[in-house]
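Per my numbering: the sequence shown ends with 748, consecutive numbering throughout.
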Amino acid sequence: MPPYAIPPPGPDTDPGASVETPNTLRELQLVMDHAGVGIAFIKQRTVVRCNQQFSDIFGDGEAFGMAGQSSRSLYPDSDAFRALGEAAYPVMAAGIAYQSELLLKRRTGQIFWAHVTGTLVDPADTEQGSVWVIDDIDAQKHAQAQLQTVLAQQQLIFSNAMVGIVFLRDRKVTQCNGHFEQLFGYAPGELQGSSSRQWYLTEEDWIVAGEQCYAPLSEGRSFQGEMMLRKKDGSAICCDVRAKAIDPGNLGLGSIWITMDITARKQAEEALVQVREDLEHQVLARTAELRSTVLALEQKIVEQVQAERQIQQLAHFDPLTGLPNRTLLGERCSQVLSLAQRQRQTVALMFLDLDHFKNVNDSLGHGVGDDVLVELARRLRAVVREQDTVARLGGDEFVLLLPDTDRTGAAHLAVKLLETALVPFQVQAQELTVTPSIGIAMYPDNGGALDALSRCADAAMYRAKAMGRNAYCFYTSEIQQQTDSALRLGNALRRALERDQLSLHFQPQIALASGKIVGAEALLRWNHPDFGAVPPSQFIPIAESGGLILPIGAWVIRSAVRQLSEWISRGMEPITMAVNLSAIQFRDAGLPQLVTDILQEANVAPRLLELELTEGVAMNDAPGAIAIMAELHRRGIRLSIDDFGTGYSSLAHLKRFQIYKLKIDQTFVRDITVDQDDKAIVSAIISMAESLGMQTIAEGVETQGQLDFLRARGCTEVQGYYFSPPLPGTEFESLLRRGTLFQL
Ligand code: C2E
Ligand code: CA
Ligand code: CA
Numbered sequence: 005m006p007p008y009a010i011p012p013p014g015p016d017t018d019p020g021a022s023v024e025t026p027n028t029l030r031e032l033q034l035v036m037d038h039a040g041v042g043i044a045f046i047k048q049r050t051v052v053r054c055n056q057q058f059s060d061i062f063g064d065g066e067a068f069g070m071a072g073q074s075s076r077s078l079y080p081d082s083d084a085f086r087a088l089g090e091a092a093y094p095v096m097a098a099g100i101a102y103q104s105e106l107l108l109k110r111r112t113g114q115i116f117w118a119h120v121t122g123t124l125v126d127p128a129d130t131e132q133g134s135v136w137v138i139d140d141i142d143a144q145k146h147a148q149a150q151l152q153t154v155l156a157q158q159q160l161i162f163s164n165a166m167v168g169i170v171f172l173r174d175r176k177v178t179q180c181n182g183h184f185e186q187l188f189g190y191a192p193g194e195l196q197g198s199s200s201r202q203w204y205l206t207e208e209d210w211i212v213a214g215e216q217c218y219a220p221l222s223e224g225r226s227f228q229g230e231m232m233l234r235k236k237d238g239s240a241i242c243c244d245v246r247a248k249a250i251d252p253g254n255l256g257l258g259s260i261w262i263t264m265d266i267t268a269r270k271q272a273e274e275a276l277v278q279v280r281e282d283l284e285h286q287v288l289a290r291t292a293e294l295r296s297t298v299l300a301l302e303q304k305i306v307e308q309v310q311a312e313r314q315i316q317q318l319a320h321f322d323p324l325t326g327l328p329n330r331t332l333l334g335e336r337c338s339q340v341l342s343l344a345q346r347q348r349q350t351v352a353l354m355f356l357d358l359d360h361f362k363n364v365n366d367s368l369g370h371g372v373g374d375d376v377l378v379e380l381a382r383r384l385r386a387v388v389r390e391q392d393t394v395a396r397l398g399g400d401e402f403v404l405l406l407p408d409t410d411r412t413g414a415a416h417l418a419v420k421l422l423e424t425a426l427v428p429f430q431v432q433a434q435e436l437t438v439t440p441s442i443g444i445a446m447y448p449d450n451g452g453a454l455d456a457l458s459r460c461a462d463a464a465m466y467r468a469k470a471m472g473r474n475a476y477c478f479y480t481s482e483i484q485q486q487t488d489s490a491l492r493l494g495n496a497l498r499r500a501l502e503r504d505q506l507s508l509h510f511q512p513q514i515a516l517a518s519g520k521i522v523g524a525e526a527l528l529r530w531n532h533p534d535f536g537a538v539p540p541s542q543f544i545p546i547a548e549s550g551g552l553i554l555p556i557g558a559w560v561i562r563s564a565v566r567q568l569s570e571w572i573s574r575g576m577e578p579i580t581m582a583v584n585l586s587a588i589q590f591r592d593a594g595l596p597q598l599v600t601d602i603l604q605e606a607n608v609a610p611r612l613l614e615l616e617l618t619e620g621v622a623m624n625d626a627p628g629a630i631a632i633m634a635e636l637h638r639r640g641i642r643l644s645i646d647d648f649g650t651g652y653s654s655l656a657h658l659k660r661f662q663i664y665k666l667k668i669d670q671t672f673v674r675d676i677t678v679d680q681d682d683k684a685i686v687s688a689i690i691s692m693a694e695s696l697g698m699q700t701i702a703e704g705v706e707t708q709g710q711l712d713f714l715r716a717r718g719c720t721e722v723q724g725y726y727f728s729p730p731l732p733g734t735e736f737e738s739l740l741r742r743g744t745l746f747q748l
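Structural data, given as structure tokens:
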């Protein structure tokens with residue numbers, strides 16, 4: 005018997021109160037109570053009988069049965085009740101179970117979803133009632149609705165997402181969103197079922213992408229990368245691609261791909277990179293610029309420092325030799341002396357200069373002279389001790405400051421210095437020998453300060469020179485006296501002109517061809533009331549250093565020319581008047597005019613005046629000297645070279661200067677009869693002068709032998725004691741008047 009054939013309940017709805025076969029009923033009640041669904045038998049719109057589940061569903065767990073309740077109360081309203089009746093009864097009447105999901109009402113008033121199945125006990129007779137199986141599906145319905153919402157939301161996201169989303173299975177599109185289609189330029193739905201190959205640029209790209217992307221997906225990881233992909237129209241876009249397998253264990257279920265067009269971003273990034281590169285370039289360029297500026301600045305600073313150092317160097321050192329100069333010597337000297345004073349030491353101060361060094365400069369040029377000085381400086385430094393100072397004051401003047409040195413030590417060193425200086429100098433392919441003279445002053449004996457010591461050393465040096473070259477000399481009281489007398493002489497000389505103490509002597513010059521006096525050399529004499537006759541070799545240097553040589557020299561020229569003029573006016577035969585000129589006079593630009601004036605005053609022909617210059621003066625290629633020589637020559641005045649052979653003249657040079665006559669120095673003439681060298685030198689001078697068209701005169705001829713030699717060699721003129729000493733004007737005049745002819 006089917007369940008719906010349960011006999012209608014009596015007034016008591018308790019199943020246990022069944023009057024039918026109690027066992028069957030009990031079994032039935034058990035089945036009903038454990039069916040998991042609510043079951044009710046409804047007859048005449050009343051719940052006649054129901055199971056516990058039914059009561060639970062409608063009573064909402066409240067402990068009372070539903071039996072006896074109107075079936076109408078099970079529905080939210082009468083419309084729903086009626087609607088169900090109208091829908092269900094025709095179906096049920098056809099003997100079919102009616103099934104539906106609909107909203108029912110619990111006793112509490114709560115409306116809920118239920119699944120109902122209704123069956124008529126007897127389809128032919130609705131009065132027999134119906135059996136209803138009620139399944140509370142409210143929770144299920146709610147979950148379904150929720151799921152529906154989520155799905156709808158997801159669909160919304162999917163179709164409105166601003167990224168391209170595509171689901172692939174076997175690399176074919178199962179679904180994609182509008183954005184994906186738009187991204188690649190396809191119409192809606194156009195991609196459905198198509199292969200992902202079409203948005204790869206090349207077949208190879210597609211294959212490579214397949215290998216690269218699916219490996220992580222199968223491991224449950226996601227793939228992420230940037231790819232160049234292809235739009236429908238063939239243009240390329242750069243995409244950020246992320247993918248994940250729907251089920252990593254089963255790639256066959258497909259994968260989801262999220263694609264973003266990052267072309268613009270890429271371009272922006274590239275532009276940014278470009279901008280950054282540009283900026284870096286600019287920074288580099290600017291840095292380089294800065295660096296070079298800094299370098300230039302550093303260079304400037306280095307130059308500045310060098311310049312300062314150079315100034316320092318110039319201030320304290322001699323630029324030619326690098327030796328300390330006068331200033332530094334002064335500083336060192338005061339240090340050394342104050343130390344010596346405290347420690348009661350003696351100090352030596354040495355003056356060293358080269359004899360006739362001016363000749364080297366004048367004859368061979370300053371270049372050679374400088375080289376000699378540099379080499380000499382090197383040698384001096386090599387000889388002295390570390391604590392000694394070798395300074396150069398200028399020219400060939402060297403000063404040595406020797407701390408803690410006594411007389412013995414100083415003498416010892418002086419000898420060594422002389423020796424080292426004597427080694428010939430190899431300079432510009434020439435071999436030169438120089439002879440130094442050294443003067444030594446001792447602290448504290450000769451003075452307490454540099455000034456006093458310098459004066460003493462200087463005086464001692466002059467004494468050394470006077471003693472003969474290549475010597476050293478200590479300062480002595482005798483020198484002191486001499487120095488004092490030089491001072492006195494200088495003062496006296498200053499007044500000699502005005503006091504008429506100067507006079508001229510004349511020494512005849514004889515032509516070897518005729519034996520006749522053809523000239524006179526004017527030689528200056530100074531007769532001082534106290535000092536007596538002072539030799540010119542003594543007072544001429546004093547006149548030169550004391551600034552007196554110009555007025556004295558002018559006086560000599562004027563007096564000599566006047567004397568000649570007088571002689572001529574008194575009927576003597578005109579002879580040449582030779583006048584000695586010091587280098588200082590020769591450097592005076594007013595000289596040519598002075599001489600011309602003097603000649604004109606006395607009405608003497610210029611060719612009768614002969615100016616004697618020393619070799620050095622003639623060879624000094626100072627432009628001024630050359631111009632003056634040319635000017636004198638232009639004015640018809642003759643020039644001769646005095647003391648020829650002692651310097652370093654080149655004859656060709658002399659020829660250029662229009663030198664008229666060479667005066668062979670006495671030192672060669674002196675030993676001419678015995679010394680082979682002198683013989684050779686004099687012979688050479690004469691023949692070379694002859695070949696250059698110059699006259700020669702030998703001075704200091706004292707013997708017949710000398711005369712014979714000179715005549716044999718063809719010397720033009722002679723002068724010397726052998727013929728006559730220098731004579732006062734009147735005596736010379738009588739010599740001339742007598743018409744003296746020398747027996748040659
Ligand atoms: P110097 O120009 O070489 O003059 C020749 C010197 O030799 C003269 O000496 C003369 O007296 C001397 N003497 C002449 N014959 C002989 C001789 O046979 N044997 C020897 N041993 N000596 C002889 P002095 O007069 O003492 O003049 C010396 C130097 O003084 C001159 O040398 C000249 O350089 C200079 N001097 C003389 N007068 C003047 C002058 O007016 N102006 C200039 N600047 N210097 C002058
Ligand atoms: Ca002379
Ligand atoms: Ca001479």
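C-beta atoms are modelled at their ideal positions from N, C-alpha and C, and glycine is treated no differently.
Which residues in the same chain as residue i place their Cβ atom closer than 8 Å to its Cβ, once the five residues preceding and following it in sequence are excluded?
{"i": "Ala-468", "result": "Ser-441, Ile-442, Gly-443, Ala-475, Tyr-476 and Cys-477"}
{"i": "Phe-727", "result": "Pro-512, Ile-514, Val-705 and Phe-746"}
{"i": "Leu-554", "result": "Ile-588, Gln-589 and Asp-592"}
{"i": "Arg-741", "result": "Met-576"}
Ignore the nearest five residues each way along the sequence and tell me which others in residue i's own chain have a CB closer than 7 Å to its CB.
{"i": "Val-167", "result": "His-183, Ile-262, Thr-263 and Met-264"}
{"i": "Thr-600", "result": "Arg-639"}
{"i": "Thr-325", "result": "Leu-377, Val-378, Ala-381 and Arg-396"}
{"i": "Ile-483", "result": "Ala-463, Ala-464 and Arg-467"}
Please list, in chain order, all residues of the same chain as residue i whose beta carbon is under 6 Å from its beta carbon, the five residues on each side excluded.
{"i": "Gly-743", "result": "none"}
{"i": "Thr-409", "result": "Ala-352"}
{"i": "Leu-748", "result": "Gly-519"}
{"i": "Thr-439", "result": "Asp-359, Arg-473 and Asn-474"}
{"i": "Gln-349", "result": "Asp-408"}
Run the proximity test for residue i: is its beta-carbon closer than 7 Å to any non-hydrogen atom belonging to ligand 3?
{"i": "Ile-682", "result": "Note that residue 682 is Asp in the sequence shown, not Ile. No."}
{"i": "Lys-667", "result": "yes"}
{"i": "Glu-482", "result": "no"}
{"i": "Gln-670", "result": "yes"}
{"i": "Glu-737", "result": "no"}
{"i": "Glu-614", "result": "no"}
Looking at ligand 1, does it come within less than 7 Å of residue i, judged from the CB to the closest heavy atom?
{"i": "Pro-545", "result": "no"}
{"i": "Pro-730", "result": "yes"}
{"i": "Glu-619", "result": "no"}
{"i": "Val-309", "result": "no"}
Could you pull the start and end residues of the beta strand (DSSP E) that residue i belongs to?
{"i": "Ala-386", "result": "From DSSP, Ala-386 is part of no beta strand (DSSP E) but of the alpha helix (DSSP H) over 370–387."}
{"i": "Leu-397", "result": "393–398"}
{"i": "His-532", "result": "521–532"}
{"i": "Thr-320", "result": "The amino acid occupying residue 320 in the given sequence is His; Thr does not appear at that position. It is not in any beta strand (DSSP E) - His-320 instead sits in the alpha helix (DSSP H) that spans 267–320."}
{"i": "Arg-246", "result": "240–249"}
Need the endpoints of the alpha helix (DSSP H) that residue i sits in, please.
{"i": "Arg-336", "result": "330–347"}
{"i": "Asp-462", "result": "454–470"}
{"i": "Phe-535", "result": "Careful: Phe-535 lies outside any alpha helix (DSSP H) and carries neither H nor E."}
Is the beta carbon of residue i within less than 7 Å of some heavy atom of ligand 2?
{"i": "Asp-646", "result": "yes"}
{"i": "Glu-548", "result": "no"}
- Query: So, do the stretch 701–715 and the stretch 488–499 have three or more beta carbon pairs nearer to each other than 8 Å?
  - Reply: no
- Query: Between the stretch 224–232 and the stretch 180–188, are three or more C-beta pairs nearer than 8 Å?
  - Reply: no
- Task: Count the C-beta pairs between the stretch 366–379 and the stretch 426–436 that are closer than 8 Å, then say yes if the count reaches three, no if not.
- Result: yes
- Query: Just checking, does the stretch 527–542 make contact with the stretch 492–507 on the three C-beta pairs under 8 Å criterion?
  - Reply: yes
- Query: Touching or not, the stretch 657–664 and the stretch 632–648, by the rule of three or more beta carbon pairs under 8 Å?
  - Reply: yes
- Is the stretch 40–54 touching the stretch 129–141 in the sense that three or more CB pairs, one from each, lie closer than 8 Å? yes
- Taking 8 Å as the threshold, find out whether the stretch 600–613 comes into contact with the stretch 537–549 through three or more Cβ pairs. no
- Message: Can you confirm whether the stretch 106–121 touches the stretch 78–93 when touching is taken to mean that 3 or more C-beta pairs between the two stretches lie within less than 8 Å?
- Response: yes
- Item | Validate contact between the stretch 148–163 and the stretch 201–211 using beta carbons, cut 8 Å, 3 pairs | no
- Message: For a minimum of 4 consecutive residues, which ranges assigned as the alpha helix (DSSP H) are wholly contained in the stretch 608–673?
- Response: 619–623, 627–638 and 655–660
- Message: Would you call the stretch 249–260 in contact with the stretch 190–198, where contact means no fewer than 3 C-beta pairs closer than 8 Å?
- Response: no
- Task: Would you mind listing the beta strand (DSSP E) stretches within the stretch 77–154 that are 3+ residues and don't spill past its ends, in chain order?
- Result: 102–109, 115–124 and 134–140
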